[in-house]
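Visitor: Residue numbers (my numbering): 1 to 260.
Just so it is clear, CB atoms sit at the ideal spot from N, CA and C, and this is done for glycine as well.
On a predicted model such as this, the values are computed, not experimentally measured, just so you know.
A single structure is presented below for examination.
As structure tokens, this is what we get:
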């Protein structure tokens, strides 16, 4: 019996220490690493790095180094023009040993033949004007951006569409927002980080936005369609404009949903 008590007395502090180490592993600390070219081992400057869990962003300096708040098991998303985007899981060793190097691989682009077909103009204004395509979409102003953008035709407004979505539980808009509440709550955090906003402003492929919100591209398009944004806007807007559009629609959805 005494031996058993002695053994427990010795093991208890060790178990407590192990538990404390596990807790410390989850603490958010500054992680420093270097991004290099996988082919040349040269450091890459101005690589965008986003912590998808903490919703924080930064860029690498001229030596390829970056520092970002992170915890063990967080996921870092690295993006650089001409290189394949990469996701990296944060480990204990990255904090313990430092000097972590993350290699990005260059993309190989195959240029395809491009055929340019100019408008067949006659020189007569009355005829040429009739032959030019007409865009019936009205303009939509997004707060924080200096210019306005395409936002659907003159059919029911975005508020009306959202209201219809709430009154009809089967509607896709409510289903998407309802199934992704945590991802939608990230919207405000994303908009507050200047580095993430700068990256999204330069992106048109929705790839980074999909990773941040954990939404598929088709979900993003469905949300915008149900909020009465035009096909032209959805196809041509950059990721920051798309983010602001989703955010605006989501805020309207929350306000109207509280009134039920």
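For residue 40, which option in 69, 83, 59 has the closest C-alpha, if you only look at C-alpha atoms?
Guide: Of the listed residues, the one whose Cα sits closest to residue 40 is 83.
Visitor: Among the residues of its own chain, which have a CB less than 7 Å from the CB of residue 61, if the five just before and after it don't count?
Guide: 45
Visitor: My assumption, with CB atoms under 8 Å, is that residue 47 sits in contact with residue 78. Please give the rounded CB distance.
Guide: 6 Å
Visitor: May I ask you to list the residues that DSSP assigns as paired with residue 106?
Guide: 83
Visitor: Are residue 99 and residue 70 touching if we call contact CB-CB under 9 Å?
Guide: no
Visitor: For residue 126, does the count of other Cβ atoms within 10 angstroms reach 16, so buried, or fall short, so exposed?
Guide: exposed
Visitor: Helix or strand or just coil, what does DSSP make of residue 209?
Guide: helix
Visitor: With the cut-off set at 9 Å, would you say residue 239 and residue 204 are in Cβ contact?
Guide: yes
Visitor: Output needed for residue 186: all residues of its chain with C-beta closer than 7 Å, excluding positions within five of it in sequence on either side, in chain order.
Guide: 55, 212, 213
Visitor: Are residue 92 and residue 75 touching if we call contact CB-CB under 9 Å?
Guide: no
Visitor: Do residue 105 and residue 38 have their beta-carbon atoms positioned less than 9 Å apart in this structure?
Guide: yes
Visitor: Going by DSSP, name the residue or residues bridged to residue 52.
Guide: Partner(s): none; residue 52 has no beta bridge.
Visitor: Tell me which residue opens and which closes the beta strand (DSSP E) that residue 200 is part of.
Guide: It is not in any beta strand (DSSP E) - residue 200 instead sits in the alpha helix (DSSP H) that spans 194-201.
Visitor: For residue 87, collect the residues of the same chain with a Cβ closer than 6 Å to its Cβ; drop the 5 residues on either side in sequence, then sort them by chain order.
Guide: Closer than 6 Å at Cβ, skipping near neighbours: 75, 77.
Visitor: What residue does the beta strand (DSSP E) around residue 236 start on, and which one ends it?
Guide: Per DSSP, residue 236 belongs to no beta strand (DSSP E); it is in the alpha helix (DSSP H), 231-236.
Visitor: In angstroms, rounded to a whole number, what distance separates the CA positions of residue 233 and residue 206?
Guide: 13 Å
Visitor: What is the DSSP secondary structure of residue 93, reduced to helix, strand or coil?
Guide: helix
Visitor: Given that a residue counts as buried once 16 or more other Cβ atoms are within 10 Å of its Cβ, and exposed if not, what is residue 252?
Guide: buried
Visitor: Which residue's Cα is closest to the Cα of residue 217: 242, 227, 195?
Guide: 242
Visitor: Rounding to the nearest angstrom, what Cα-Cα distance links residue 227 and residue 235 in this structure?
Guide: 15 Å
Visitor: Looking at C-alpha atoms only, which residue of 195, 197, 198, 223 is the closest neighbour of residue 184?
Guide: The option with the nearest alpha carbon to residue 184 is 223.
Visitor: What residue range does the alpha helix (DSSP H) around residue 226 cover?
Guide: 217-226
Visitor: Taking the alpha carbon of residue 85 as the point to measure from, which residue in 72, 102, 254 has its own alpha carbon closest?
Guide: Residue 102 is the option with its Cα nearest to residue 85.
Visitor: Quickly, what does DSSP pair residue 88 with across the bridge? List them, please.
Guide: 76
Visitor: Report the rounded CA-to-CA distance for residue 63 versus residue 57, giving the unit in angstroms.
Guide: Residue 63 and residue 57 have their C-alpha atoms some 18 Å from each other.
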